[in-house]
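Right, one structure below, let's go through it.
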Amino acid sequence: QIDEFFNQKENLPDNQYKGIFKDKNLLVIQVESLESFIIGKETNGQKITPVMDELIKTGLYFPNVYEQVNEGTSSDSDLMINTSMFPLRRGSTFFRYPSTNYNSLPLLLEEDGYETIAIHPDKGSFWNYVNGLTGIGFKHFVDYYS
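Here full-length UniProt numbering is used: the first residue of the sequence shown is 1, the next is one more, and so on.
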């Protein structure tokens, strides 16, 4: 019954967003421990997040994404953002199921001709990122040591 549900492709009607970014680059920026309430704010006459403020003007910004992280911490966020799946209640998905292939944003983008890359500021072995993110479907992975 579950397989049947996932194999069914719903024929959803088009909306005003369909195709607006066709042939454009997609850059998803996830920032650990950055709370959205500081975006667009200033202190002592200086912007707190000037680069983010400028990027928001020319892209889509989702301030109401709330992390549902468990024991996988940041890797749980990568899983959720790219697969729309909640993380495990116990343990890290990237450690417990490192070779799992998921229906994911990177795979959907590749079907449409995009090249996908995940860039992470730590070692690929940290939280098993290299295996987790390639399992999510990123074709390339670059870490701090690449």
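Backbone N, C-alpha and C define an ideal beta-carbon position, used for all residues, glycine too.
{"Query": "Rounded to whole angstroms, what's the CA-CA distance from Gln46 to Leu34? Just pull it up for me.", "Result": "18 Å"}
{"Query": "Any chance the stretch 44 to 60 sits against the stretch 102 to 122, with 3 or more Cβ pairs inside 8 Å?", "Result": "no"}
{"Query": "So what does DSSP say about Glu54, is it helix, strand or coil?", "Result": "helix"}
{"Query": "Ignore the nearest five residues each way along the sequence and tell me which others in Arg90's own chain have a CB closer than 8 Å to its CB.", "Result": "Asn70, Glu71"}
{"Query": "Tell me whether the stretch 93 to 113 and the stretch 72 to 82 touch, counting them as touching only if at least three CB pairs, one residue from each stretch, are closer than 8 Å.", "Result": "yes"}
{"Query": "Identify the continuous alpha helix (DSSP H) that holds Phe95 and give its terminal residues.", "Result": "93 to 96"}
{"Query": "May I have the straight-line CA-CA distance separating Glu101 from Pro87, to the nearest angstrom?", "Result": "Checking the displayed sequence, the identity of residue 101 turns out to be Asn instead of Glu. For Asn101 and Pro87, the distance between alpha carbons rounds to 15 Å."}
{"Query": "Can you give me the C-alpha to C-alpha distance between Ile29 and Asn44, rounded to a whole angstrom?", "Result": "27 Å"}
{"Query": "May I have the straight-line CA-CA distance separating Asn85 from Ser104, to the nearest angstrom?", "Result": "Checking the sequence, you will find Met at residue 85 rather than Asn. In a straight line, the C-alpha of Met85 is about 9 Å away from that of Ser104."}
{"Query": "For Asn82, which option in Leu108, Asp112, Asn64, Ser125 has the closest C-alpha, if you only look at C-alpha atoms?", "Result": "Leu108"}
{"Query": "Would you report the Cα separation of Glu67 and Ile136, rounded to the nearest angstrom?", "Result": "18 Å"}
{"Query": "So what does DSSP say about Ile29, is it helix, strand or coil?", "Result": "coil"}
{"Query": "Using a beta-carbon distance below 9 Å, is His120 in contact with chain D?", "Result": "The question asks about chain D, but that chain is absent: this structure has only one protein chain."}
{"Query": "Would Pro106 be called buried (16 or more neighbouring beta carbons within 10 Å of its own) or exposed?", "Result": "buried"}
{"Query": "Label Tyr129 either buried or exposed according to how many other C-beta atoms from any shown protein chain fall within 10 Å of its C-beta, with 16 as the threshold for buried.", "Result": "buried"}
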